[in-house]
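Have a look at the structure below, then the notes.
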Amino acid sequence: MTKTDKIRTLVWDFNGTLVDDARISVESINIMLKDRGLPGISLVKYRSLFSFPVKDYYEKAGFDFSRESFSSVGREFISIYTLLFPRARIFPEAKRLLQVFNELGIEQFVLSAMEQEMLERSIRDAGLESYFTEVSGIDNIYASSKLKNGKDLFKRRGLEGEKTWIIGDTVHDWQVAEELGCRCLLIGAGHQDISCLRETGCPYILKDHSEIPRRLKF
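Residues in the sequence shown are numbered consecutively from 638, following my numbering.
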């Protein structure tokens with residue numbers, strides 16, 4: 638348990654890190670693209686296009702915000718995504734890891750760009766609430782930056798960057814970790830592919846959750 642002796646806190650992303658929802662995100666966006674007479678995208682294409690802020694990703698996918706508003710597109714996406722979300726499942730290995738870290742006495746949080754009430758409900762429905770000291774989502778449906786919430790969480794809970802790891806699946810998770818002074822572990826099984834993640838220069842990029850024990854040495 639060499640490295641875990643130095644880890645006091647883990648801050649998990651939710652979408653694409655704890656819950657495997659990339660495919661329903663693709664299905665949701667393809668329903669919208671089809672309604673607009675636009676070509677759909679594959680999961681592979683999606684994972685190369687997805688980014689924060691999500692408005693940029695929508696534009697790369699083909700939406701024209703000179704013809705419709707970003708807010709209306711965002712509401713439509715969430716409406717469809719919410720209907721499909723019950724089909725998403727927690728990554729089995731992620732659930733096992735939450736239990737292991739809990740047994741090691743490592744405090745765990747969620748920092749997500751999902752709307753707060755939906756995040757709390759999703760974690761409760763998955764039976765994960767007991768693993769986390771706090772779950773922090775955002776106050777809108779537009780998947781904006783979670784940096785401010787991260788800063789607020791660290792201040793409120795007195796978290797120390799040098800003893801905290803952020804575990805996520807996007808470039809934005811790396812950006813948040815850099816701003817908060819944390820180490821970051823990125824998993825290439827979520828919303829962005831490994832080639833996108835490598836552009837960050839993050840030294841800890843893993844194929845999937847099964848590699849986390851080796852990386853954190855427990």
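Cβ atoms here follow ideal geometry from the backbone N, Cα and C, with glycine treated the same way.
If you ignore the 5 residues before and after Thr-646, its C-beta comes within less than 6 Å of the C-beta of Glu-744, Leu-796, Thr-801, all in its own chain and listed in chain order. Taking the Cα of Ser-685 as reference, the smallest distance to any Cα among Thr-807, Leu-823, Trp-811 is reached at Thr-807.
Contact between the stretch 707–726 and the stretch 735–743 is absent, with fewer than three C-beta pairs closer than 8 Å.
Between Ile-717 and Met-669, the beta carbon gap of about 7 Å places them in contact (Cβ cut-off 8 Å). With fewer than 16 other Cβ atoms from the protein chains shown falling within 10 Å of its own Cβ, Asp-672 counts as exposed. Collapsing the DSSP output to three states places Cys-839 in coil.
Check the Cα spacing between Leu-756 and each of Asp-810, Tyr-768, Val-772: the tightest is with Val-772. Looking at the DSSP output, Ile-775 sits in a beta bridge with Glu-752. Residue range 801–805 is occupied by the beta strand (DSSP E) that includes Gly-805. Sequence-distant partners of Pro-676 (beyond 5 residues in either direction) whose C-beta falls short of 8 Å from its own C-beta, in its chain, are Leu-670, Gly-699.
Counting C-beta pairs with one atom in each stretch, the stretch 694–713 and the stretch 647–661 have fewer than three that are closer than 8 Å, which means they do not touch. Pairwise C-beta distances place the stretch 839–853 in contact with the stretch 807–822, as three or more of them are shorter than 8 Å. When the Cα atoms are used, Leu-853 and Leu-822 turn out to be separated by approximately 9 Å.
A residue is called buried when at least 16 other Cβ atoms come within 10 angstroms of its Cβ; Ser-832 does not meet this threshold and is exposed. Its Cα nearest to that of Ser-767, the residue Lys-732 stands out among Lys-732, Gly-798, Asp-776. Across the structure, Gln-753 and Ile-775 are spaced so that their CA atoms are roughly 5 Å apart.
Within the DSSP secondary-structure output, Cys-821 pairs in a beta bridge with Ile-803.
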